[in-house]
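Q: Just so we're aligned: 38 in this note's numbering is position 35 of the sequence shown, and the numbers increase by one with no gaps anywhere.
The beta carbon of each residue, even a glycine, is placed where N, CA and C say it ideally should be.
All values reported here derive from a predicted model rather than from experimental measurement.
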Amino acid sequence: MKSSKWTKPQAILAAVMLLAAGLILVRLDAAQPGGQTPGDLSGFSALAPIDAHVHLYKDDPAFDALMQRLKLRVLDICVIDDRDPYGKGIEPQRTDVLKVAHRTRGRAALCTTFSPYEFEQAGFAQRTIRQLDSDFAQGAVAVKIYKVMGMEMKSKAGKYVMPDDPAFEPIYKDIAAHRRTVVAHLAEPDSCWQAPNPASPDYEYYQQNPQEYAYAHPEWPSKAAILAARDHLVAENPKLRVVGAHLGSMEADVNQIAARLERYPNFAVDTAARVPYFMLQPRDKVRAFLIKYQDRVLYATDLVTMPKDDAEKAVAEWSSTYERDWKFFSTNQTVDYKGHSYQGLALPEPVLRKIFHENAVHWFPGIAAKQ
Ligand SMILES: [Zn+2]
Numbered sequence: 004m005k006s007s008k009w010t011k012p013q014a015i016l017a018a019v020m021l022l023a024a025g026l027i028l029v030r031l032d033a034a035q036p037g038g039q040t041p042g043d044l045s046g047f048s049a050l051a052p053i054d055a056h057v058h059l060y061k062d063d064p065a066f067d068a069l070m071q072r073l074k075l076r077v078l079d080i081c082v083i084d085d086r087d088p089y090g091k092g093i094e095p096q097r098t099d100v101l102k103v104a105h106r107t108r109g110r111a112a113l114c115t116t117f118s119p120y121e122f123e124q125a126g127f128a129q130r131t132i133r134q135l136d137s138d139f140a141q142g143a144v145a146v147k148i149y150k151v152m153g154m155e156m157k158s159k160a161g162k163y164v165m166p167d168d169p170a171f172e173p174i175y176k177d178i179a180a181h182r183r184t185v186v187a188h189l190a191e192p193d194s195c196w197q198a199p200n201p202a203s204p205d206y207e208y209y210q211q212n213p214q215e216y217a218y219a220h221p222e223w224p225s226k227a228a229i230l231a232a233r234d235h236l237v238a239e240n241p242k243l244r245v246v247g248a249h250l251g252s253m254e255a256d257v258n259q260i261a262a263r264l265e266r267y268p269n270f271a272v273d274t275a276a277r278v279p280y281f282m283l284q285p286r287d288k289v290r291a292f293l294i295k296y297q298d299r300v301l302y303a304t305d306l307v308t309m310p311k312d313d314a315e316k317a318v319a320e321w322s323s324t325y326e327r328d329w330k331f332f333s334t335n336q337t338v339d340y341k342g343h344s345y346q347g348l349a350l351p352e353p354v355l356r357k358i359f360h361e362n363a364v365h366w367f368p369g370i371a372a373k374q
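Written as structure tokens, this is what we have:
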């Protein structure tokens, strides 16, 4: 056989053309729909995104720079949990959040909270209302209630206290009267009541926080009982906007969320720490849910940065979370999670605009008041 039918210059030309074609293919492969490259947050920033659930307690210029660069706003949430040394009371966290709000000229908005533990003491509701009204005057746009209701707190009579306990009712009325919103982190993922399963998104969390693991506390109320109390509180307060944190603890099935959204016009959910649960459900089902309820889902992460944390490292973590989530919601490229690949939802631009910006403005009046 002859070595080649091509002369040497022809062979070189062919090789150059092949190389050029290869480069074009590689470039096409890197480009995403909408002309984005991996890790590109330009589409995210273009929406003036709002992360409706973070715990940023570190006042540092690096976060101000991040928020300016991404045109990002955040709802910065206080949470009282007597099992957590930093979270035992409203201070120092409220002061820390107000420092962040000040430095970022309002890009971080305060979501305050109150201690529910003294609910049986005389004057509890009046004292709490006085505190909240003062927080509203300092710019708080929302009030967090937490899963210690239903999963930790007991009355003097030894009963678990639910979020719809009459002791809290005047407080909810006050929040509604001030046109502020409740962020309700009530109950937990289903896996909290189930045996340890390394495939669960929450496996590591309950390994690290056994005191919050309902499976180890069979005496706690059932998840269904806690969600029924949450639903009752939403139904009893139709003028109160309630945003159910963490997909309203109905993370495993969007149909459960849809049922509540149909029933309660004053209810919405945030995606904090539960985006992977969208990945685990059938893509078409989740996509159809988000398009149908595009006014009722708020993008949120649950990113936590404590005063002692390294700011540069934290900012890198925040950026990579936004990159992963944006890729998942806005493109049809695959996203890796716990060793599996999931195809992105490629939501239409008007839906992304609502989930990443407009819904937070609507559900948290005042969140975008400054700048
Ligand atoms: Zn949170």
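Starting from the C-beta of residue 150, find all residues in its chain whose C-beta is less than 7 angstroms away, skip the five residues before and the five after it, and write them out in chain order.
A: Residue mapping note: residue 150 aligns to position 147 of the sequence shown, counting from 1. Within the same chain, residue 150 has close Cβ partners 188, 189, 190 and 191.
Q: Classify residue 233: buried if its beta carbon has 16 or more other beta carbons within 10 angstroms, exposed otherwise.
A: In the sequence shown, counting from the first residue as 1, residue 233 sits at position 230. Counting every other CB atom within 10 Å of its CB across the protein chains shown gives residue 233 a total of 16 or more, marking it as buried.
Q: What are the residues that DSSP puts in a beta bridge with residue 114?
A: Along the sequence shown, one-based indexing puts residue 114 at 111. Its beta-bridge partners are 80 and 145.
Q: Can you tell me whether residue 96 is buried or exposed, with buried defined as 16 or more other CB within 10 angstroms of its CB?
A: As a position in the sequence shown, residue 96 is number 93, starting the count at 1. Classification of residue 96: buried, given that the 10 Å Cβ count is 16 or more.
Q: Residue 361: buried (16+ other C-beta within 10 angstroms of its C-beta) or exposed?
A: The residue given as residue 361 occupies position 358 in the sequence shown. Buried, because 16 or more other Cβ atoms sit within 10 Å of the Cβ of residue 361.
Q: So the alpha helix (DSSP H) residue 67 belongs to, where does it begin and stop?
A: One-based indexing of the sequence shown puts residue 67 at position 64. Its alpha helix (DSSP H) spans residues 64-73.
Q: Given a cut-off of 8 angstroms, decide if residue 327 and residue 338 are closer than it, judged by their beta-carbon atoms.
A: Position 335 of the sequence shown, counted from the first residue, corresponds to residue 338. Position 324 of the sequence shown, counted from the first residue, corresponds to residue 327. Contact: yes.
Q: Is the region 43-58 close to the region 299-308, with three or more CB pairs under 8 angstroms?
A: Judged by pairs of C-beta atoms under 8 angstroms, the region 43-58 touches the region 299-308, as three or more such pairs exist.
Q: Contact between the region 215-225 and the region 274-293: three or more CB pairs below 8 angstroms?
A: no
Q: Evaluate contact between the region 79-96 and the region 108-115, counting only Cβ atoms and requiring at least three cross-stretch pairs below 8 angstroms.
A: The answer is yes - the region 108-115 touches the region 79-96, with three or more Cβ pairs under 8 angstroms.
Q: For the candidate residues 278, 264 and 69, whose alpha-carbon lies nearest to that of residue 106?
A: Counting from 1 along the sequence shown, the entry for residue 106 is found at position 103. Answer by Cα proximity: 69.
Q: Name the two residues that bound the continuous beta strand (DSSP E) containing residue 340.
A: Mapped onto the sequence shown, residue 340 falls at position 337. Run containing residue 340: 337-340, per the beta strand (DSSP E) assignment.
Q: With the cut-off set at 8 angstroms, would you say residue 144 and residue 156 are in Cβ contact?
A: In the sequence shown, residue 144 corresponds to position 141, counting from 1. In the sequence shown, residue 156 corresponds to position 153, counting from 1. No.
Q: Rounded to a whole number of angstroms, what is the C-alpha to C-alpha distance between residue 50 and residue 357?
A: One-based indexing of the sequence shown puts residue 50 at position 47. One-based indexing of the sequence shown puts residue 357 at position 354. For residue 50 and residue 357, the distance between alpha carbons rounds to 9 angstroms.
Q: Measuring straight from C-alpha to C-alpha, what distance separates residue 242 and residue 295?
A: Here residue 242 refers to the residue found at position 239 when the sequence shown is read from its first residue. Here residue 295 refers to the residue found at position 292 when the sequence shown is read from its first residue. Cα to Cα, the separation comes out at about 23 angstroms.
Q: Hey, would you say residue 65 sits closer than 8 angstroms to residue 128, going by beta carbons?
A: Along the sequence shown, read from residue 1 onward, the residue named residue 65 stands at position 62. Along the sequence shown, read from residue 1 onward, the residue named residue 128 stands at position 125. Their beta carbons are not under 8 angstroms apart, which means residue 65 does not touch residue 128 by this criterion.
Q: Buried or exposed: residue 363, going by 16 or more other Cβ atoms within 10 Å of its Cβ?
A: For the purposes of this step, residue 363 is taken as residue 360 along the sequence shown, with counting starting at 1. Around the beta carbon of residue 363, a 10 Å sphere encloses 16 or more other beta carbons of the protein chains shown; the residue is thus reported as buried.
Q: Give the straight-line distance between the Cα atoms of residue 89 and residue 135, rounded to the nearest whole angstrom.
A: Here residue 89 refers to the residue found at position 86 of the sequence shown. Here residue 135 refers to the residue found at position 132 of the sequence shown. The straight-line gap from Cα to Cα measures roughly 20 angstroms.
Q: Can you name the start and end residues of the alpha helix (DSSP H) that residue 99 belongs to?
A: As a working mapping, residue 99 is identified with position 96 in the sequence shown. Looking at the DSSP string, the run of the alpha helix (DSSP H) that includes residue 99 is 96-106.
Q: If you draw a straight line from the alpha carbon of residue 131 to that of residue 86, how long is it in whole angstroms?
A: Residue 131 sits at position 128 when you count from the first residue of the sequence shown. Residue 86 sits at position 83 when you count from the first residue of the sequence shown. Cα to Cα, residue 131 sits roughly 21 angstroms from residue 86.
Q: Kindly list the residues whose CB is nearer than 6 angstroms to the CB of residue 154, restricted to its own chain and excluding five residues on each side of it in sequence; keep chain order.
A: The sequence position of residue 154 within the sequence shown is 151, counting from 1. The residues 223, in chain order, have a CB closer than 6 angstroms to that of residue 154 in the same chain once the five nearest residues on each side in sequence are set aside.
Q: When you compare the CB positions of residue 400 and residue 270, do they come within less than 8 angstroms of one another, or not?
A: A question about residue 400 goes unanswered here, because the residues of the chain that appear run from 4 up to 374.
Q: Quick test of your reading: residue 184 and residue 329, contact by CB under 8 angstroms. State the CB separation rounded to the nearest angstrom.
A: For this step, residue 184 is matched to residue 181 along the sequence shown. For this step, residue 329 is matched to residue 326 along the sequence shown. In fact, because the Cβ distance is near 25 angstroms, the residues do not count as touching under 8 angstroms.
Q: Can you say whether residue 98 is buried or exposed, counting buried as having 16 or more other CB atoms within 10 angstroms of its CB?
A: Position 95 of the sequence shown holds residue 98. With fewer than 16 other Cβ atoms within 10 Å, it is exposed.
Q: Using alpha carbons as the reference points, say which of 266, 230 and 139 lies closest to residue 368.
A: Along the sequence shown, one-based indexing puts residue 368 at 365. Nearest C-alpha to residue 368: 139.
Q: Distance check for residue 372 and residue 158, CA to CA, integer angstroms please.
A: By one-based count along the sequence shown, residue 158 stands at place 155. By one-based count along the sequence shown, residue 372 stands at place 369. Cα to Cα, residue 158 sits roughly 40 angstroms from residue 372.
Q: Identify whether residue 271 lies in helix, strand or coil by the three-state DSSP scheme.
A: One-based indexing of the sequence shown puts residue 271 at position 268. Strand.
Q: Give me, in chain order, the residues of the same chain whose beta-carbon lies closer than 8 angstroms to that of residue 347; leave out the 5 immediate sequence neighbours on both sides.
A: In the sequence shown, the residue the question calls residue 347 occupies position 344. Result list for residue 347: 330, 331, 332, 333, 334, 335, 336, 337 and 338, in chain order.
Q: Run the proximity test for residue 53: is its beta-carbon closer than 7 angstroms to any non-hydrogen atom belonging to ligand 1?
A: In the sequence shown, counting from the first residue as 1, residue 53 sits at position 50. Outside the cutoff, so no.
Q: Would you give the residue range spanned by the alpha helix (DSSP H) that residue 287 belongs to?
A: As a position in the sequence shown, residue 287 is number 284, starting the count at 1. Residue 287 -> alpha helix (DSSP H) spans 286-295.
Q: For residue 280, tell me which candidate among 252, 177 and 262 has the shortest Cα-Cα distance.
A: What you label residue 280 is simply residue 277 of the sequence shown in a count that begins at 1. Here the closest residue by C-alpha is 252.
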